[in-house]
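In this note's numbering, the protein residues as written are 13 to 534.
Glycine included, C-beta positions come from ideal geometry on N, C-alpha and C.
Please read all numbers here as calculations on a predicted model, not as lab measurements.
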Amino acid sequence: MVTVLRRRGAWVVAVGVLAGSLAACGKPAQTTHQSGEAPKDVVLKVVTADTVTSLDPAGPAEVGSRILQANLYQTLLTMTPDKPTPVPDAADCQYDAPTTYTCSLKNGLTFPNGHQLTSSDVKFSFDRMIRLKTPGGPAALFGSVASVSTPDELTAVFTLKKPDARLPYLLTITGSSIVDEESYPASKLANDKAIGSGPYQLTSYKPGVRAVLAKFSKYKGARGAQNDGVEVSFVSDAAALTNAMTQGKADLGVHGFGPGALDRLRTANQVQVVQAPSAEIRFFAFSMKSLVARKPAVRRAVAQLIDRQAIAKKAYGDRVTPLYSMVPPGFGGQVDAFRSQYQEPSKTAAAAILREGGITTPVTLTVGWTPTQYGAGAKAEVLELKRQLEASGLFKVVLRSVEGPRYQQLARAGAFDLYHAGWLPDYPDSDDYLAPFLRDGGLYQNGYRSAAATKLLDQEIAEQNQLDREESLKSLQLLIAQEAPVIPTWQGQLPVVAAKGLRNVAEAANPLSFVYFSGLRK
């Protein structure tokens, strides 16, 4: 049992996350065959337009790399469809004190090369990852870890600089994967090899072309493979993905189809098109360097006017879900704060907000967006926002399109009053939808400052009682809705295309946009 803090003899469980939509697990596959015949290996063929930059979990953490890492390596804890909180994978972990987190490894863990997996490998993996500090890698997430010690071969103890309720969730991400200390260099990445103790072992790899994974029979964890292996082919575009699926050359296709290709596949009815929940969100952020955006009444009036249902329908054909909080539904402490604060879109209510704030209308807003970073629907989304705001008669919107990465530079510099952006969290916890926007120096910090928000952030990250932490998270979301430094618009879906006979497809899709192959069956 994974626990967070022992209090008065009771185990207090960590904050919940997107329940019922994470990694697939279950009973071993049942293979039927005639008496006397050897069962045939079930090797799945997967096709993707993703790019893999590193097989090393201490390396860059983009989605393409995480797909392979999640299936080849093992973490101390993991997520499964039937549990809202982390469960044991390589270890059973618990808080012995607010700054002491102890993980007890399972007996008999091994790597495919025959080396034993011990607490020394755990310490090596975390020390190495934190020391390397790879740009785009996971090290920055572990700032609260002071040290990892090994009292014995089956015990790893994390000593924290301060209480951190995120740690159990951080231990489930691919960046927390355990590597073989005898096989990995301590001072550099090993980008083209993978020696982990996960459900699969890597038997062949040609970067940009193909990766062949075989079931690792000695894996001991929550995600045992229900198939015998996976061949992953990397292709260049939606046309190649579609051809592979319609011609029966692949069992599963992920990432890169596009709305048009998905619609054609649905119509053809040759394959399954599964829309799994995604943790990806879109939002509009105000720049506090703008004199206009600094005025709370302006921000709240915009929030009052936005019609998310219309954006989802007109810009994305209802392929996304309207979002009323920076934290999507299913994560611990989530509350539809913007719906509570503003109810339905209303010109009358928005006009009253501006009038009470002493704002002369129409208010001119420069809205920034980029055609290269946030998907094909970005242009339609900002055009729909412009239509909605100007239809009220309260705003005059000037759209400004800039190619990335110049777009991000201009957004940080305050070149726009309001700008369009997106976010996919690094770890499955509500904090990662709040801290990047509210913490000083956060990735999407737009100049908004709030002593109340900072206090609530400090409270939620230190609090390991489930109910108390959720109250702080709810209060944070309500504060964001009231002051509107950012305005959420929609939550994404992860489309996965599968052969008709493939089973457990939706359960295999992780909301962080990668796929666990182990639960897939024919």
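### Query
For Leu479, which three-state DSSP category applies?
Position 467 of the sequence shown, counted from the start, is the residue given in the question as residue 479. The answer is helix: DSSP assigns Leu479 an H, G or I state.
### Query
Could you give the uninterrupted runs of the beta strand (DSSP E) lying entirely in the region 199-263, keeping only those of 3 residues or more?
212-218, 222-227, 241-246
### Task
Starting from the C-beta of Ala327, find all residues in its chain whose C-beta is less than 7 Å away, skip the five residues before and the five after it, and write them out in chain order.
Translated into the one-based positions of the sequence shown, residue 327 becomes position 315. Cβ neighbours of Ala327 beyond the five flanking positions: Gly389, Ala392, Glu393, Glu396.
#### Entry: Sequence-distant residues of the same chain with beta carbon closer than 7 Å to Ile365, five excluded per side
As a working note, residue 365 is residue 353 in the sequence shown. Excluding positions up to five away in sequence, the list reads Ala309, Arg312, Ala313, Gln316.
### Test item: CB-CB of Lys467 and Val347 under 8 Å
As a first step, residue 467 must be located in the sequence shown, where it is residue number 455. As a first step, residue 347 must be located in the sequence shown, where it is residue number 335. No, the Cβ-Cβ distance between Lys467 and Val347 is not below 8 Å.
### Query
Ordered along the chain, which non-local residues of its own chain (more than five positions away) have a Cβ less than 7 Å from that of Gly210?
Stepping through the sequence shown from its first residue, residue 210 is reached at position 198. Same-chain partners within the cutoff: Asn83, Leu84, Tyr85, Gln86, Phe228, Tyr231.
### Identity of the residue in Val247, Gly416, Ala234 nearest Ala61 by Cα
Locating residue 61 in the sequence shown gives position 49, counting from the first residue. That would be Val247, whose Cα lies nearest to the Cα of Ala61.
### Burial state of Ser199 (16 or more Cβ within 10 Å)
Start at 1 with the first residue of the sequence shown, and residue 199 comes out as number 187. It counts as exposed.
### Message
Can you confirm whether Gly236, when its beta carbon is compared against all beta carbons of chain D, has any partner nearer than 8 Å?
### Response
In the structure shown, chain D cannot be found, because there is only a single protein chain.
### Query
Looking at the structure shown, is Arg19 part of a helix, part of a strand, or coil, going by DSSP?
Within the sequence shown, numbered from 1, the residue matching residue 19 stands at position 7. Annotation note: pLDDT 28 at Arg19 (below 50); position unreliable, coordinate value reported separately. Arg19: strand per DSSP, three-state reduction.
### Task
Please name the residue, chosen from Val160, Leu88, Lys173, Leu67, that lies closest to Ala474 on a Cα-to-Cα basis.
Here residue 474 is taken as the residue at index 462 of the sequence shown, counted from 1. Nearest option by C-alpha distance: Lys173.
### Local conformation of Glu356 per DSSP, three classes
For the purposes of this step, residue 356 is identified with residue 344 of the sequence shown, where counting begins at 1. Three-state result, Glu356: coil.
#### Entry: In DSSP terms, what Gln284 is bridged to
As a first step, residue 284 must be located in the sequence shown, where it is residue number 272. Looking at the DSSP assignment, Gln284 forms a beta bridge with Ala510.
### Query
Apart from the five residues on each side of it in sequence, which residues of its chain come closer than 8 Å, Cβ to Cβ, to Ala152?
Counting from 1 along the sequence shown, the entry for residue 152 is found at position 140. Cβ within range, chain order: Lys145.
### Query
Ordered along the chain, which non-local residues of its own chain (more than five positions away) have a Cβ less than 6 Å from that of Asp108?
Sequence index remark: in the sequence shown, residue 108 carries index 96 (1-based). For Asp108, where only same-chain residues beyond five positions count, the Cβ hits under 6 Å are Thr114.
### Message
Below 8 Å on the Cβ atoms is my contact criterion, and I expect Ala362 with Ala493 to pass it. Report the Cβ-Cβ distance as a whole number of Å.
### Response
Working through the sequence shown from its first residue, we reach residue 362 at position 350. Working through the sequence shown from its first residue, we reach residue 493 at position 481. That pair is no contact at about 15 Å.
### Task
Could you tell me the distance, in whole angstroms, from the CA atom of Val285 to the CA atom of Val508?
Here residue 285 refers to the residue found at position 273 when the sequence shown is read from its first residue. Here residue 508 refers to the residue found at position 496 when the sequence shown is read from its first residue. In a straight line, the C-alpha of Val285 is about 6 Å away from that of Val508.
### Message
With three or more C-beta pairs closer than 8 Å as the rule, is the region 523-530 touching the region 442-450?
### Response
no
### Task
Put Gly76 into one of helix, strand or coil per three-state DSSP.
Numbered from its first residue, the sequence shown carries residue 76 at position 64. Here Gly76 sits in helix by DSSP.
### Query
Would Ser484 be called buried (16 or more neighbouring beta carbons within 10 Å of its own) or exposed?
For the purposes of this step, residue 484 is taken as residue 472 along the sequence shown, with counting starting at 1. Flag for Ser484 reads buried.
### Task
Report buried or exposed for Glu519, applying the criterion of at least 16 other Cβ atoms within 10 angstroms of its Cβ.
Numbered from 1 along the sequence shown, position 507 holds the residue referred to as residue 519. Per the 10 Å Cβ criterion, buried.
### Query
So what does DSSP say about Ile293, is it helix, strand or coil?
The sequence position of residue 293 within the sequence shown is 281, counting from 1. Strand.
### Query
What residue range is occupied by the uninterrupted alpha helix (DSSP H) comprising Val517?
Here the question's residue 517 lines up with position 505 in the sequence shown. 517-520 is the extent of the alpha helix (DSSP H) around Val517.
### Under 8 Å between C-beta atoms of Val191 and Asp133
Taking the first residue of the sequence shown as 1, we reach residue 191 at position 179. Taking the first residue of the sequence shown as 1, we reach residue 133 at position 121. Yes, they are a contact pair.
### Query
Between the C-alpha atoms of Gln355 and Gln106, what's the straight-line distance to the nearest angstrom?
Locating residue 355 in the sequence shown gives position 343, where the first residue counts as 1. Locating residue 106 in the sequence shown gives position 94, where the first residue counts as 1. Gln355 and Gln106: Cα-Cα distance of roughly 42 Å.
### Task
Mind the definition here: the region 75-82 touches the region 160-169 only if three or more C-beta pairs lie below 8 Å; say whether that holds.
no
### Message
Our contact map puts Asn125 next to Ser195 with C-beta atoms below 8 Å; I'd like the distance itself, whole angstroms only.
### Response
Along the sequence shown, read from residue 1 onward, the residue named residue 125 stands at position 113. Along the sequence shown, read from residue 1 onward, the residue named residue 195 stands at position 183. Going by Cβ atoms, the distance from Asn125 to Ser195 rounds to 7 Å, so yes, they are a contact pair.
### Query
Taking Cβ to Cβ, would you say Glu472 is nearer than 8 Å to Arg461?
Within the sequence shown, numbered from 1, the residue matching residue 472 stands at position 460. Within the sequence shown, numbered from 1, the residue matching residue 461 stands at position 449. Result no, Cβ atoms of Glu472 and Arg461 do not sit closer than 8 Å.
### Task
Look at Val242 and Leu56 and say whether their C-beta atoms are less than 8 Å apart.
Here residue 242 is taken as the residue at index 230 of the sequence shown, counted from 1. Here residue 56 is taken as the residue at index 44 of the sequence shown, counted from 1. In this structure, Leu56 lies closer than 8 Å to Val242 by Cβ.
### Message
Just list the residues that DSSP pairs His267 with in beta bridges.
### Response
Locating residue 267 in the sequence shown gives position 255, counting from the first residue. Beta-bridge pairing links His267 to no other residue.
### Task
Return the Cβ separation of Gln282 and Thr258 in integer angstroms, given the expectation that the two are a contact with Cβ distance under 8 Å.
The residue labelled residue 282 in the question sits at position 270 within the sequence shown. The residue labelled residue 258 in the question sits at position 246 within the sequence shown. With 8 Å as the limit, Gln282 and Thr258 qualify as a contact, their Cβ atoms being about 6 Å apart.
### Cut-off 7 Å between Cβ atoms - residues of its own chain near Thr378, not counting five sequence neighbours on either side
Numbered from 1 along the sequence shown, position 366 holds the residue referred to as residue 378. The residues are Val410, Arg412, Phe428, Asp429.
### Query
With a Cβ-Cβ cutoff of 8 Å, do Leu469 and Leu455 count as a contact?
Walking along the sequence shown from the start, residue 469 turns up at place 457. Walking along the sequence shown from the start, residue 455 turns up at place 443. Cβ distance not < 8 Å, so Leu469 and Leu455 don't count as in contact.
### Message
Am I right that Val498 and Phe343 are in contact with their C-beta atoms under 8 Å? What's the rounded C-beta distance?
### Response
Stepping through the sequence shown from its first residue, residue 498 is reached at position 486. Stepping through the sequence shown from its first residue, residue 343 is reached at position 331. In fact, because the Cβ distance is near 17 Å, the residues do not count as touching under 8 Å.
### Query
How would you call Thr44, buried or exposed, if buried means at least 16 neighbouring beta carbons within 10 angstroms?
Translated into positions along the sequence shown, residue 44 becomes position 32. Any reading at Thr44 must be qualified, since the residue scores a pLDDT of 43, below 50, and its modelled position is unreliable; the value itself is stated next. Looking at its Cβ environment, which holds fewer than 16 other Cβ atoms inside 10 Å, Thr44 is exposed.
### Message
Taking the beta strand (DSSP E) that Ser413 belongs to, which residues open and close that run?
### Response
By one-based count along the sequence shown, residue 413 stands at place 401. Start and end: 407-413.
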